[in-house]
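> Numbering (the working numbering), first residue to last: 12 to 127.
Here a beta-carbon is modelled for each residue, glycine too, at the ideal position from N, C-alpha and C.
1) Taking contact to mean 3 or more Cβ pairs, one atom from each stretch, closer than 8 Å, check whether the segment 106 to 113 and the segment 39 to 46 are in contact.
2) Kindly indicate which residue of 19, 14, 93 and 73 has the alpha-carbon position closest to the one of residue 55.
3) How far does the alpha helix (DSSP H) with residue 111 in it extend, from its first residue to its last?
4) So, with DSSP's three-state summary, where would you put residue 82?
5) Is the Cβ-Cβ distance between residue 95 and residue 117 less than 8 Å?
6) Could you name the residues that DSSP lists as bridge partners for residue 38?
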């Protein structure tokens, strides 16, 4: 039997921009992606603390040390600059493997999205 479990989480980061006229996705500072074990193109779920919106999209690498968290395309309508969000990804794995699996969860500084 397989189960879906949390794989990665970036807890409480600030939206730095949004770009409605883009094909879609969320741009994430590459340092945050590395630290949370999220890869480019991975499906992620977004939870907006400010307005309760929940939706999914895929990731694009942002510039390292930029702090960028940018919602692109139609999802840009679900956030405003300054909103605090949580970014979550899940993985499907064998039940016994899932019992031992440890997700990568990070808690950046929500003022500037840095890891320090």
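Concretely, from the data shown:
1) no
2) Residue numbering aside, residue 55 sits at position 44 when the chain shown is read from its first letter. Of the candidates 19, 14, 93 and 73, the one whose C-alpha sits nearest the C-alpha of residue 55 is 19.
3) For the purposes of this step, residue 111 is taken as the residue at position 100 of the chain shown. Here the alpha helix (DSSP H) through residue 111 covers 106 to 111.
4) Indexing the chain shown from 1 puts residue 82 at position 71. Of the three classes helix, strand and coil, the one that applies to residue 82 here is strand, per DSSP.
5) Residue 95 sits at position 84 when you count from the first residue of the chain shown. Residue 117 sits at position 106 when you count from the first residue of the chain shown. Cβ distance not < 8 Å, so residue 95 and residue 117 don't count as in contact.
6) Indexing the chain shown from 1 puts residue 38 at position 27. According to DSSP, which records beta bridges pairwise, residue 38 is partnered with 71 and 81.
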